[in-house]
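Going by our numbering, the sequence shown opens with residue 39, and the numbers climb by one from there.
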Amino acid sequence: MSHKTRKLKIEFSGDKLTRRGGFDSSLLRSRYLQHLSLNIDFGLKISPSLTWDFPALTTLTIKRVTFTLQLVNDDASKSVDLFSRFPNLKTLALDDCTLSDIDTFIIKSSELESLYLIGIYHSCEFVVSAPKLSLFTYNVYGIARFSLSAKDLNSLNTVNFQTIYSRYIEEHSMLLELMIKTFQQLYKAKSLTINLDALKLLSMFPELCERRNCPFTSLQSLTVVSGHWLPHSLTGFSGVFDYFSRSSPALKIHIDSNPTPLRFRY
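What follows is the structure, given as structure tokens:
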């Protein structure tokens, strides 16, 4: 794009799938573009060496895109870093996207302030380096083994973490360990929102909550959201609430039975 467009929105609003054609990633270069929104149902084939070039971009939202990694050989790294050449990026949202054949998905940005990972289908590890990140949202629609490796999250203030619980899952302990490890990466947050499913997962292992210290040491607010139902009594979760309160004595706990649907405005 050689013109000086500042804002671009590409959207496919039909009901039929459009993944047959794919999207040409070579189009994604611009010196002037500041706001880019891709709301499509395309497959995007990428290589480990691919890095998009948007020096002026501040807001990037990507919805319904399937990222598929193409390797030159079987020994090549399955690590992807698409955003490191976005020196001014402040907001990044991935919504209803699929990350295929990727082991490590890197999000590195010196100016990033808000990160939304909503309904991501993946099995990879997210590596996040963002010293100015203040808001982090993760919401999964299906069972996902979320793995996060983060550093330099010195400005983190607000975390919204929502997962899926089902009594029929046989890997509860592993999913809980991953969730705790994720919390350890986000320990500087002052406000935490979790859904009822995350609360249930924690309550399944009371001995873990008693044995370990909560990673969050500066929490001021804990909000539990449920879009479907709440039990008549929350006394069964008292051990979980104690788990959070022990590390943050001034913690205030809120129950929200009518939360606003978690969506990002495009």
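For each residue, glycine too, the CB sits at the ideal point set by N, CA and C. Please read all numbers here as calculations on a predicted model, not as lab measurements.
{"query": "Let me check understanding here. Comparing Cα to Cα, which of Pro287, Lys189 and Pro93 lies closest to Leu74?", "result": "Pro93"}
{"query": "Can Thr96 and Lys128 be called in contact, C-beta distance under 8 Å?", "result": "yes"}
{"query": "With burial defined as no fewer than 16 other Cβ atoms inside 10 Å of the residue's Cβ, what is the status of Arg44: buried or exposed?", "result": "exposed"}
{"query": "Quick one: Cα of Phe254 to Cα of Lys146, how far?", "result": "23 Å"}
{"query": "Measuring straight from C-alpha to C-alpha, what distance separates His292 and Phe279?", "result": "11 Å"}
{"query": "State the Cα-Cα distance for the pair Asp119 and Leu240, rounded to the nearest angstrom.", "result": "33 Å"}
{"query": "When the Cα of Leu191 is compared with those of Asn198, Ile158 and Leu150, which residue comes out closest?", "result": "Leu150"}
{"query": "Hey, Ser363 and Leu186: beta-carbon distance below 8 Å or not?", "result": "Any answer about residue 363 is impossible in this case: the structure gives the chain only from 39 up to 304."}
{"query": "Are the CB atoms of Pro125 and Ser148 within a distance shorter than 8 Å?", "result": "yes"}
{"query": "Taking the beta strand (DSSP E) that Phe279 belongs to, which residues open and close that run?", "result": "Phe279 -> not in any beta strand (DSSP E); alpha helix (DSSP H) instead, spanning Ser276 to Ser285."}
{"query": "With a Cβ-Cβ cutoff of 8 Å, do Ile211 and Phe164 count as a contact?", "result": "Sequence check: residue 211 is Ser here, not Ile. For Ser211 and Phe164, no; Cβs fall outside 8 Å."}
{"query": "Can you tell me which of Cys252, Glu248 and Asp134 puts its alpha carbon nearest to the alpha carbon of Leu230?", "result": "Cys252"}
{"query": "Cα-Cα, which of Ile158, Ile156, Phe184 and Lys226 is closest to Lys170?", "result": "Lys226"}
{"query": "According to the neighbour-count rule (16 or more other Cβ atoms, all chains shown, within 10 Å of its Cβ), is Lys101 buried or exposed?", "result": "buried"}
{"query": "Counting along the chain, where does the beta strand (DSSP E) carrying Ala188 start and finish?", "result": "Ser185 to Lys189"}
{"query": "Under three-state DSSP, which class holds Gln222?", "result": "helix"}
{"query": "Out of Ser85, Thr273, Ser295 and Lys42, which has the shortest C-alpha to C-alpha gap to Thr262?", "result": "In the sequence under discussion, the amino acid at residue 262 is Val, which differs from the Thr named in the question. Out of Ser85, Thr273, Ser295 and Lys42, Ser295 has the C-alpha closest to the C-alpha of Val262."}
{"query": "Buried or exposed, going by whether 16 or more other CB atoms sit within 10 Å of the CB of Leu194?", "result": "buried"}
{"query": "Which residues does DSSP pair with Gln200 in a beta bridge?", "result": "Asn177"}
{"query": "Tell me whether Lys344 sits in a helix, a strand or coil according to DSSP, three-state version.", "result": "With the chain running from 39 to 304 in the structure shown, residue 344 is simply not present."}
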